[in-house]
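Peer 1: Just so you know, this note's numbering puts 759 at position 357 of the sequence shown, and the rest follows in order with no gaps.
Even glycine gets a Cβ: it sits at the ideal position worked out from N, Cα and C.
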Amino acid sequence: MSKIRPQDLRSRKWFLNPENMEMTALYLERYLNYGLTREELQSGKPIIGIAQTGSDLSPCNRHHLELTKRVRDGIIAAGGVPMEVPVHPIQETGKRPTAMLDRNLAYLGLVEALYGYPLDGVVLNIGCDKTTPALLMAAATVNIPAIALSVGPMLNGWFEGERAGSGTVIWKARERLASGEINDEQFMEIAAASAPSVGYCNTMGTATTMNSLAEALGMQLPGAAAIPAPYRERGQISYETGKRIVDMVWEDLRPSDIMTREAFENAIAVNSALGGSTNAPIHLNAVARHLGVPLDNDDWQAHGHHIPLLVNLQPAGTYLGEDFHRAGGVPAVIGALLRAGLLPNPDAITANGQSMATNCGEKASVNDDVIRTVEAPLMQNAGFINLKGTLFDSAIMKTSVIDAAFRKAYLSNPDDPEAFEGRVVVFDGPEDYHHRIDDPAENIDASCILVMRGAGPKGYPGGAEVVNMRAPSYLLKQGIKALPCIGDGRQSGTSGSPSILNAAPEAADNGGLALLRNGDRLRIDLNKCTADILLSDEELTARRAALLADGGYKYPASQSPWQQYFRELVEPFDKGMTLRDAANYQDIARSRGTP
Ligand code: FES
Ligand code: MG
Numbered sequence: 403m404s405k406i407r408p409q410d411l412r413s414r415k416w417f418l419n420p421e422n423m424e425m426t427a428l429y430l431e432r433y434l435n436y437g438l439t440r441e442e443l444q445s446g447k448p449i450i451g452i453a454q455t456g457s458d459l460s461p462c463n464r465h466h467l468e469l470t471k472r473v474r475d476g477i478i479a480a481g482g483v484p485m486e487v488p489v490h491p492i493q494e495t496g497k498r499p500t501a502m503l504d505r506n507l508a509y510l511g512l513v514e515a516l517y518g519y520p521l522d523g524v525v526l527n528i529g530c531d532k533t534t535p536a537l538l539m540a541a542a543t544v545n546i547p548a549i550a551l552s553v554g555p556m557l558n559g560w561f562e563g564e565r566a567g568s569g570t571v572i573w574k575a576r577e578r579l580a581s582g583e584i585n586d587e588q589f590m591e592i593a594a595a596s597a598p599s600v601g602y603c604n605t606m607g608t609a610t611t612m613n614s615l616a617e618a619l620g621m622q623l624p625g626a627a628a629i630p631a632p633y634r635e636r637g638q639i640s641y642e643t644g645k646r647i648v649d650m651v652w653e654d655l656r657p658s659d660i661m662t663r664e665a666f667e668n669a670i671a672v673n674s675a676l677g678g679s680t681n682a683p684i685h686l687n688a689v690a691r692h693l694g695v696p697l698d699n700d701d702w703q704a705h706g707h708h709i710p711l712l713v714n715l716q717p718a719g720t721y722l723g724e725d726f727h728r729a730g731g732v733p734a735v736i737g738a739l740l741r742a743g744l745l746p747n748p749d750a751i752t753a754n755g756q757s758m759a760t761n762c763g764e765k766a767s768v769n770d771d772v773i774r775t776v777e778a779p780l781m782q783n784a785g786f787i788n789l790k791g792t793l794f795d796s797a798i799m800k801t802s803v804i805d806a807a808f809r810k811a812y813l814s815n816p817d818d819p820e821a822f823e824g825r826v827v828v829f830d831g832p833e834d835y836h837h838r839i840d841d842p843a844e845n846i847d848a849s850c851i852l853v854m855r856g857a858g859p860k861g862y863p864g865g866a867e868v869v870n871m872r873a874p875s876y877l878l879k880q881g882i883k884a885l886p887c888i889g890d891g892r893q894s895g896t897s898g899s900p901s902i903l904n905a906a907p908e909a910a911d912n913g914g915l916a917l918l919r920n921g922d923r924l925r926i927d928l929n930k931c932t933a934d935i936l937l938s939d940e941e942l943t944a945r946r947a948a949l950l951a952d953g954g955y956k957y958p959a960s961q962s963p964w965q966q967y968f969r970e971l972v973e974p975f976d977k978g979m980t981l982r983d984a985a986n987y988q989d990i991a992r993s994r995g996t997p
């Protein structure tokens, strides 16, 4: 069965290299100094890294510090030696200017750790939004056997008898705060109620999305994504994950064997059924690039748009993470898609060595209101569309969050039911928006389109989650809750706004958004998937020439060395916001030898 023999283990190059006993002695002695024995390091046991994203700075993933004890037990039980690998912290809510800036930093750091140290396999401790893609990207580049372990969502939050979901309650409560319905104190109470335990966001935000997609890609054990952090099953799956990675080393089952083109197509379909975050295309496109798998935003529309929305979680729906797990979690969603012929590649191999069809073929929802059937979904065609035009080359829209009120206000022209036009109000970054949004002099009315620019990977390094702009307070008081929003930044996965996001090229790359002026008109056609500036080509050409003559679109100076390097090297959102040339380094543990 085993494809790898003890003498083939990568860690042998460090700990038992007959060609260089001097270096073996040097590598070995310091790993003995905390009590490891020569027997553990030299008798042919796989050395398993645990990429540790839990820390006091990273509360979403902090529970991994507990779970890692069970992972270690599993690794040891299966005959391996665990070694914890610290990962640069990436806390979504705590890191300024944005945690997204650190996804690539954590990636780079983990690539060096996995490549440069004596590791035969790795457990990826995923959870909070950017931790999942950062770790999957690093595993993709190094390509040693790897398995992901979700920390699990928080328990359901409750406030005044109703489910209070992470992030989502804040987006809702900020409207009540702006309209004077609640005070600051009540606002903070509502926020705290949504975070009742350890774990990551309990809504279908980027964390639940990415942890679920790590399972849909095949990189977690079946059912591992949705178990809430404090549940006993979370500790048990941690133990099983530790055991399994040791076998994966012997089987030589690597990320490139699991995360194939077919696996990404499956993940795109599952993302639509979940009502997943608009951050998912950025992250999965990035992971794919590091594996050399072609994947772009057209694939998200082609493989995702026609898939129905099955999972009834906030922000698009009603329920939260505990409900999702109890209803069957990711395997129940995949099972439903499989039986309907909507999972494109049932034979894709997963971390347990079995196919998606074998793992999930018999799995079904036990609560049809939380995980709907394909016959009675929450919505048809729930995936993303990829818009193009004079405004940008590519931008993502999650059509599943377009509600009846928005449809009535913007998509109800009988001659042109899927298109709307509007006058733009342009904001240059989040500070500009906060200063001007409530100023009556801006003359914002229900016919306006709010544009956020300077919020892309380069303009606001990492890209800001600020495109989901609320309407001015004077419109909120009139009951106008949502205006169409477009921008080169992102939107929190926990926000339900119908926004056009992740526009590339961004304003800071002098894309079409940089040419806009207040009062210009835009035309958006959701059927043709176009977004155009209603100006002549001559006018656009003249504006571009003037912009370039003026030195291009202006954005604030970098505040740290990493921000500067990031801006110099970063690629656009549609390419995954990866670093220039990084994708040239593939399968490096094998193709570039071992130092
Ligand atoms: Fe960390 Fe949502 S803020 S998971
Ligand atoms: Mg988020």
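Can you determine whether any heavy atom of ligand 1 sits closer than 7 Å to the C-beta of ASP504, and answer yes or no?
Peer 2: No, Cβ of ASP504 sits at least 7 Å from all heavy atoms of ligand 1.
Peer 1: When the Cα atoms are used, what is the spatial distance from GLU653 to GLU664?
Peer 2: Using only the alpha carbons, I get a separation of about 21 Å.
Peer 1: Does the beta-carbon of SER568, which I'm using as the reference point, lie nearer than 7 Å to any heavy atom of ligand 1?
Peer 2: Yes, Cβ of SER568 sits closer than 7 Å to a heavy atom of ligand 1.
Peer 1: Exposed or buried, which one is VAL532 when buried takes at least 16 other CB atoms within 10 Å?
Peer 2: Residue 532 is actually Lys in this sequence, not Val. Looking at its Cβ environment, which holds 16 or more other Cβ atoms inside 10 Å, LYS532 is buried.
Peer 1: In three-state terms, what does DSSP make of GLU494?
Peer 2: Three-state result, GLU494: coil.
Peer 1: Answer yes or no: do THR455 and GLY529 have a C-beta to C-beta separation smaller than 8 Å?
Peer 2: The answer is yes: Cβ separation under 8 Å.
Peer 1: Taking the alpha carbon of GLY730 as the point to measure from, which residue in CYS762, GLY864, ALA548 has its own alpha carbon closest?
Peer 2: Nearest option by C-alpha distance: CYS762.
Peer 1: Alpha carbons only, please: which of MET539, HIS490, TRP416, GLU442 is nearest the one belonging to HIS402?
Peer 2: Residue 402 lies beyond the residue range present for the chain, which begins at 403 and ends at 997; the question has no answer from this structure.
Peer 1: Once the 5 residues before and after ALA515 are set aside, which same chain residues still bring their CB inside 7 Å of it?
Peer 2: Contacts found: VAL487.
Peer 1: Taking only heavy atoms of ligand 1 into account, decide whether any of them is closer than 7 Å to the Cβ of ASP458.
Peer 2: Every heavy atom of ligand 1 is 7 Å or more from the Cβ of ASP458, so no.
Peer 1: Let me know the secondary structure DSSP gives MET854 once reduced to three states.
Peer 2: Three-state DSSP puts MET854 in a strand.
Peer 1: Just grab the DSSP bridge partners of GLY523 for me.
Peer 2: Note: GLY523 sits in a beta bridge opposite ILE450.
Peer 1: Tell me the DSSP bridge mates of GLU664?
Peer 2: Looking at the DSSP assignment, GLU664 forms no beta bridge with any residue, so it has no partner.
Peer 1: Using the three-state DSSP reduction, which class does PRO907 fall into: helix, strand or coil?
Peer 2: PRO907: coil per DSSP, three-state reduction.
Peer 1: Let's see if you can read the secondary structure: which residues bound the alpha helix (DSSP H) around SER796?
Peer 2: Taken as a continuous stretch (DSSP letters only), SER796 belongs to no alpha helix (DSSP H), being part of the beta strand (DSSP E) at 796 to 800.
Peer 1: Three-state secondary structure (DSSP) at LEU924?
Peer 2: If DSSP states are grouped into helix, strand and coil, LEU924 belongs with the strands.
Peer 1: Is GLU724 near ligand 1, going by C-beta to nearest heavy atom under 7 Å?
Peer 2: Flag unset: Cβ of GLU724 not near ligand 1.
Peer 1: Strictly by DSSP, which residues pair up with ARG565?
Peer 2: According to DSSP, which records beta bridges pairwise, ARG565 is partnered with TRP560.
Peer 1: Return the Cβ separation of ASN687 and LYS977 in integer angstroms, given the expectation that the two are a contact with Cβ distance under 8 Å.
Peer 2: Right, their Cβ atoms sit about 7 Å apart.
Peer 1: Considering only C-alpha positions, which residue in the set THR932, GLY482, PRO859 is nearest to LEU971?
Peer 2: The option with the nearest alpha carbon to LEU971 is PRO859.
Peer 1: Just to confirm, is the Cβ distance from PRO907 to ASP771 under 8 Å?
Peer 2: Contact: no.
Peer 1: Within 8 Å, do at least three Cβ pairs link the segment 548 to 558 to the segment 614 to 625?
Peer 2: Touching, yes, given that three or more Cβ pairs across the two stretches are closer than 8 Å.
Peer 1: Would you say the beta carbon of GLY554 comes nearer than 7 Å to a heavy atom of ligand 1?
Peer 2: Not under cutoff, so the answer is no.
Peer 1: So which residues touch the region around ligand 4, with touch meaning a C-beta under 5 Å from any heavy atom?
Peer 2: No copy of ligand 4 occurs in the structure displayed; its ligands are ligand 1 and ligand 2 alone.
Peer 1: Run the CB neighbour count on VAL768, radius 10 Å, all protein chains shown included, and call it buried at 16 or more, exposed below.
Peer 2: Exposed, since its Cβ has fewer than 16 Cβ neighbours within 10 Å.
Peer 1: How long is the line joining the alpha carbons of VAL803 and ALA718, rounded to whole angstroms?
Peer 2: So the alpha carbons of these two residues sit roughly 6 Å apart.
Peer 1: Under DSSP, the alpha helix (DSSP H) around ALA540 begins and ends at which residues?
Peer 2: Per DSSP, ALA540 belongs to the alpha helix (DSSP H) from 533 to 544.
Peer 1: For LEU877, does the three-state DSSP call read helix, strand or coil?
Peer 2: In this structure, LEU877 counts as helix in the three-state DSSP scheme.
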